[in-house]
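Student: Residue numbers (my numbering), protein chains in the order written: chain U, 2 to 496; chain E, 6 to 509.
#1: Figure out for me which residue from E/321, E/347, E/280, E/296 has the closest Cα to the Cα of residue 311 of chain E.
#2: Pop quiz: residue 332 of chain U and residue 290 of chain U are said to be a contact at Cβ under 8 Å. What is the actual Cβ separation, rounded to whole angstroms?
#3: Since residue 334 of chain U sits in a beta bridge, which residues does DSSP pair it with?
#4: I want to know whether the stretch 418 to 434 of chain U touches the stretch 330 to 350 of chain U - three or more CB-CB distances under 8 Å.
#5: Taking 6 Å as the limit between beta carbons, can you name the residues of its chain near residue 10 of chain U, skipping five residues before and five after?
#6: Report all residues from its chain with a CB closer than 7 Å to the CB of residue 232 of chain E; omit the five preceding and five following residues, and keep chain order.
#7: Find out if the Cβ-Cβ distance for the pair residue 468 of chain U, residue 38 of chain U is shorter than 8 Å.
#8: Three or more C-beta pairs closer than 8 Å, one from the stretch 89 to 107 of chain U and one from the stretch 388 to 395 of chain U: is that the case here?
#9: Mind checking who residue 144 of chain E pairs with in its DSSP beta bridge?
#10: Could you tell me whether the stretch 415 to 428 of chain E touches the stretch 352 to 370 of chain E, using the rule of 3 or more Cβ pairs below 8 Å?
#11: What does the alpha-carbon distance come out to for the pair residue 95 of chain U and residue 122 of chain U?
#12: Return the Cβ separation of residue 49 of chain E and residue 371 of chain E in integer angstroms, given the expectation that the two are a contact with Cβ distance under 8 Å.
#13: Count the C-beta pairs between the stretch 486 to 504 of chain E and the stretch 311 to 323 of chain E that are closer than 8 Å, then say yes if the count reaches three, no if not.
#14: Step through the CB atoms of chain E and report whether any lies within less than 8 Å of the CB of residue 303 of chain U.
#15: What residues from the stretch 250 to 261 of chain E come within 7 Å of chain U, judged by C-beta to C-beta, listed N to C?
#16: Taking C-beta pairs closer than 7 Å, name the residues in chain E that residue 365 of chain U reaches, listed in chain order.
#17: Is residue 306 of chain E near residue 349 of chain E, with beta carbons less than 8 Å apart?
#18: According to the neighbour-count rule (16 or more other Cβ atoms, all chains shown, within 10 Å of its Cβ), is residue 267 of chain U buried or exposed?
#19: Cα-Cα, which of E/384, E/460, E/412 is closest to residue 471 of chain E?
#20: Could you tell me the boundaries of the alpha helix (DSSP H) in which residue 81 of chain E lies?
#21: Whole angstroms are fine: how far does the CA of residue 455 of chain U sit from the CA of residue 255 of chain U?
#22: Measure the alpha-carbon distance for residue 272 of chain E versus residue 343 of chain E and round it to whole angstroms.
#23: Evaluate the contact criterion for the stretch 426 to 440 of chain U versus the stretch 261 to 279 of chain U: three or more CB pairs, one atom per stretch, below 8 Å.
#24: Taking any Cβ of chain E, which residues in the stretch 330 to 347 of chain U have a Cβ under 9 Å from it, in chain order?
#25: For residue 463 of chain E, count neighbouring Cβ atoms within 10 angstroms of its own Cβ and tell me buried if that reaches 16, exposed if not.
#26: Can you grab the Cα-Cα spacing for the pair residue 42 of chain U / residue 243 of chain E, in whole Å?
#27: Using a Cβ distance threshold of 8 Å, determine whether the stretch 343 to 357 of chain U contacts the stretch 244 to 253 of chain E, with at least three qualifying pairs required.
#28: Got a sec, what are the start and stop residues for the beta strand (DSSP E) residue 65 of chain U sits in?
#29: Scan the stretch 375 to 407 of chain E and note each continuous alpha helix (DSSP H) run of 4 residues or more that stays entirely inside, going in chain order.
#30: Under 8 Å, do residue 104 of chain U and residue 284 of chain U count as touching if we go by C-beta distance?
#31: Under 8 Å Cβ-Cβ, which residues of chain U neighbour residue 247 of chain E?
#32: I'd like to know if residue 349 of chain U contacts chain E, where contact means its C-beta is closer than 8 Å to some C-beta of that chain.
#33: Do you know offhand how far residue 495 of chain E's Cα is from residue 309 of chain E's?
#34: Counting only C-beta atoms, is residue 142 of chain U closer than 8 Å to chain E at any point?
#35: Would you verify that the beta carbon of residue 105 of chain U is, or is not, closer than 8 Å to some beta carbon of chain E?
#36: Within 10 Å of its beta-carbon, does residue 227 of chain E have 16 or more other beta-carbons around it, so buried, or fewer, so exposed?
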């Protein structure tokens, strides 16, 4: 049910088994799944039912590095449902190779097997109202055409809001800003919560799951760890570090003949990616090349500047060859960034309205970030040329002339890493169960646990991991002797 | 009119039109590409108090003396260069307009370098007691001159204000020298500034330290600047975190054996006079920063690197060769922090050998460090180097002066270099460098593993093509000698990149 304040909960002396912090895709999925399994859950959301300026202002932070990402107060939302209130719905599962080390010296391996994610793919697709993904189609020896799925997009506040309101097991409290944790003997005993009335309250639970987002998870843990004298994250070496985005840039323009073998999807795009063998052979990371029609003005520019210098003549020539030019296609890419310890979230000297340090985000692209799309696009150009079906004009930066263009999309608002998963506490914050190393009952959900990023948009993986974590929490509480039912995944909306 | 005359007329008209077109295109290119102040060159000046000829003789006469040069030749070099600094500074405060080939950054940036690159050297020379520099116009207080420059350069209201550094701005590099000089002469200069002046100095440095920089050694400049600002109580948690990130990004370039890759070029002497030099100062300024790692790597690097030194100079290769006098800098630094690896006597012998080889061959003249390996040589000058860029050659002497404050370096008993002790062949895995020395002729060879199948490309001299391009573009156009500088299988002091004759 929706509770007006934590004070009201105190009055009911309700004891929750799990306290979930954050109501975005990860938190809402976990709260819902655990509620369905018969566990009592307190879902804390710092924002309100809908967007408001004062709440959103908490997300303001400073960015260091470049090229500049969208401001942190714009790229995410502090309200019920989190950033699912403004996401695009693009989904794709990680490739099995994404969970492995691809390049020597780049620590990208996940401590779980691909099958552990795969197991949760089907229920996650149902939640996101997606059909099954068809298998990739080979395009030459080194590339494959990969499908994307498009969620409506599901808004988790809409998806689960009514369920939560009606639920007797899930209590949803809005306007509750978690600002710290009390730790005793290696366990969190309380979350410190600033209620919307300004009072600080202590919330007890058997398990705590932090799902505040790909930036806030790090920020809150950094702050709470400082407050606890280092007892909350006893091994903080990786805390806030290995933060990642998917670089998003236009690589150039592409000219295809009309007998190209691609099928444009429902969003008018074609996605090409290197195969796992290619990734290993060329020592690159994963990369999604996206071909889609450019806007009219860009097409005209292309017609002027590329082979369509004289469109009529160009088409005439190609007609004689029995072919027709398809002009005006844009080649874009989003790719996997190497997880670097120096790309990180740190606490600012500035504080928010509640006195909590704001976020300083340090994010840099390096030479490797150029290498991955360079190699991928060279392979594509080679394949197109070998088949005689098209060619590519690359933007100068791709070939090394100048830096990354600062006026491009730059990132996908995919905030990943910071509390990465690793068996080694020196290289990760959580273990393979998403439990904070050295703390018995604090877990983390969301993309902040990704050790590496593939090129797939992260929401589907977030939901897969959330379901996996839900199962683990239910099982671990069962081992503790707590009553609960079987974990069932229901969406209320058929796929 | 006959057809022939018609055709002739048409031909002449066409030729005239072509010439007009070429001239117009040339003028357009000049206008579009012109580097600020490119055509304006300062006149070289002869030093009246410490003439260049005497200086060369001071180093040449002592070249073979195993007991070392002592202090006097270096003092003569300092007197010559500081006299030059004050002369080229003229009536200005924060800029010095040196003669020579301009950089692509423009005359005013070059003039800022004219101050900033002398500043740490002058600051190191000041020490506790030095001050007066003799010039043709009489004695000048160097401390006051440095103070005046510092105050003017950091004052937005002053016409010689250096300006706020932007991202990837050359001023970030210069700010690191200003910061280092300020730290070296902190006991002399800081008390000469009032509160407002101090605040402006720190503001200017802070601004430079927060800018985005290129990869490579550039990543260390904000760290050095910010640590100096911190030493004056002017840093914040945010600024420290920011440069800590820069430092971690720099760490990615570490390749082992004390070697950092100089992105994007590879391995060269920048590891010595760029990377380890900056790291040494960061450690000196803030011993808490990363002492153990910085010192261990410097020691490891210097233990191998010292083999490159001999009485015939060093087998130079790579870029920024006009910093050649700075080559012994990491050995002097190591003698201070890792004397078991490089003794002060060995480091000073390397300094003597290097300076007594290159200075008599024209490395210092007309009150400045010349733009080449020996004398001026545009073929070996990088496009980013201007008239005062090569003052980074003085980095070895800066470290020597700094070390001299802790022990009398110039008087220390010199110890023979590896090549003066016997034949050797040593290898460093990380850069893929083998260094061989032969005691009999005292020559040193650098063999680069990756280049062993390459031909030995000669240096391409600067010629009419470059002159024409420079005239057209009004910007520096120097020959591309990357193959000769990086891809030869062997670099040897017996066959140096540039033939070096002693200047009489």
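Note that CB positions come from ideal geometry on N, CA and C, so glycine has one too.
Tutor: Straight from the coordinates:
#1: By 1-based counting over the second chain, the position of residue 311 of chain E is 306. Nearest option by C-alpha distance: E/347.
#2: One-based indexing of the first chain puts residue 332 of chain U at position 331. One-based indexing of the first chain puts residue 290 of chain U at position 289. Their Cβ separation, rounded to whole angstroms, is 6 Å, which keeps residue 332 of chain U and residue 290 of chain U in contact under 8 Å.
#3: Here residue 334 of chain U corresponds to residue number 333 of the first chain, with the count starting at 1. Looking at the DSSP output, residue 334 of chain U shares a beta bridge with U/250, U/290.
#4: Yes, they touch.
#5: If you number the first chain from 1, residue 10 of chain U lands on position 9. Apart from sequence neighbours up to five positions away, the residues of its chain that approach residue 10 of chain U with a beta-carbon distance below 6 Å are 4, ordered along the chain.
#6: Locating residue 232 of chain E in the second chain gives position 227, counting from the first residue. Excluding sequence neighbours, residue 232 of chain E sits near 287, 290, 291, 294.
#7: Taking the first residue of the first chain as 1, we reach residue 468 of chain U at position 467. Taking the first residue of the first chain as 1, we reach residue 38 of chain U at position 37. For the 8 Å CB-CB criterion, residue 468 of chain U and residue 38 of chain U do not form a contact.
#8: In short, these stretches do not touch, since the Cβ pair count stays below three.
#9: Here the question's residue 144 of chain E lines up with position 139 in the second chain. Residue pairing of residue 144 of chain E in beta bridges, as defined by DSSP: E/139.
#10: Verdict: yes, contact present.
#11: To locate residue 95 of chain U, count along the first chain from 1; it is residue 94. To locate residue 122 of chain U, count along the first chain from 1; it is residue 121. Whole-angstrom Cα-Cα distance: 10 Å.
#12: Here residue 49 of chain E corresponds to residue number 44 of the second chain, with the count starting at 1. Here residue 371 of chain E corresponds to residue number 366 of the second chain, with the count starting at 1. Rounded, the Cβ-Cβ distance is 4 Å, consistent with contact.
#13: Touching, yes, given that three or more Cβ pairs across the two stretches are closer than 8 Å.
#14: Counting from 1 along the first chain, the entry for residue 303 of chain U is found at position 302. Unreliable positioning characterises residue 303 of chain U in this predicted model, as indicated by a pLDDT of 42, which lies under 50. The coordinate reading is nonetheless provided below. So no, residue 303 of chain U is outside the interface.
#15: For the stretch 250 to 261 of chain E, the beta-carbon criterion of a distance under 7 Å to any beta-carbon of chain U is satisfied by 250, 253, 254.
#16: If you number the first chain from 1, residue 365 of chain U lands on position 364. Those are 254, listed as they occur along chain E.
#17: Position 301 of the second chain, counted from the start, is the residue given in the question as residue 306 of chain E. Position 344 of the second chain, counted from the start, is the residue given in the question as residue 349 of chain E. No, the pair does not count as a contact, with Cβ atoms beyond the cut-off.
#18: In the first chain, residue 267 of chain U corresponds to position 266, counting from 1. With fewer than 16 other CB atoms across the displayed protein chains lying within 10 angstroms of its CB, residue 267 of chain U is exposed.
#19: What you label residue 471 of chain E is simply residue 466 of the second chain in a count that begins at 1. Of the listed residues, the one whose Cα sits closest to residue 471 of chain E is E/384.
#20: Translated into the one-based positions of the second chain, residue 81 of chain E becomes position 76. Per DSSP, residue 81 of chain E belongs to the alpha helix (DSSP H) from 77 to 94.
#21: Taking the first chain and counting its residues from 1, one reaches residue 255 of chain U at position 254. Taking the first chain and counting its residues from 1, one reaches residue 455 of chain U at position 454. A direct Cα-Cα distance of roughly 24 Å separates residue 255 of chain U from residue 455 of chain U.
#22: As a working note, residue 272 of chain E is residue 267 in the second chain. As a working note, residue 343 of chain E is residue 338 in the second chain. Cα atoms of residue 272 of chain E and residue 343 of chain E: separation of roughly 23 Å, rounded to the nearest angstrom.
#23: Counting C-beta pairs with one atom in each stretch, the stretch 426 to 440 of chain U and the stretch 261 to 279 of chain U have fewer than three that are closer than 8 Å, which means they do not touch.
#24: Those would be 341, 342, 343, 344, 345, 347, in chain order.
#25: Here residue 463 of chain E refers to the residue found at position 458 of the second chain. Exposed is the call here.
#26: For the purposes of this step, residue 42 of chain U is taken as the residue at position 41 of the first chain. For the purposes of this step, residue 243 of chain E is taken as the residue at position 238 of the second chain. Distance between the alpha carbons of residue 42 of chain U and residue 243 of chain E: 38 Å.
#27: Touching, per the Cβ criterion.
#28: Walking along the first chain from the start, residue 65 of chain U turns up at place 64. Unbroken beta strand (DSSP E) run through residue 65 of chain U: 62 to 67.
#29: If only uninterrupted alpha helix (DSSP H) runs of at least 4 residues are considered, none is enclosed by the stretch 375 to 407 of chain E.
#30: The sequence position of residue 104 of chain U within the first chain is 103, counting from 1. The sequence position of residue 284 of chain U within the first chain is 283, counting from 1. Yes; because the gap between Cβ atoms is below 8 Å, this pair is in contact.
#31: Working through the second chain from its first residue, we reach residue 247 of chain E at position 242. Within chain U, the residues near residue 247 of chain E are 65, 361, 363.
#32: By 1-based counting over the first chain, the position of residue 349 of chain U is 348. Taking Cβ atoms only, chain E reaches closer than 8 Å to residue 349 of chain U, which makes this a yes.
#33: In the second chain, counting from the first residue as 1, residue 495 of chain E sits at position 490. In the second chain, counting from the first residue as 1, residue 309 of chain E sits at position 304. In a straight line, the C-alpha of residue 495 of chain E is about 17 Å away from that of residue 309 of chain E.
#34: Stepping through the first chain from its first residue, residue 142 of chain U is reached at position 141. Chain E contact via Cβ: absent.
#35: Taking the first residue of the first chain as position 1, residue 105 of chain U is located at position 104. The Cβ of residue 105 of chain U sits no closer than 8 Å to any Cβ of chain E.
#36: Counting from 1 along the second chain, the entry for residue 227 of chain E is found at position 222. It counts as buried.
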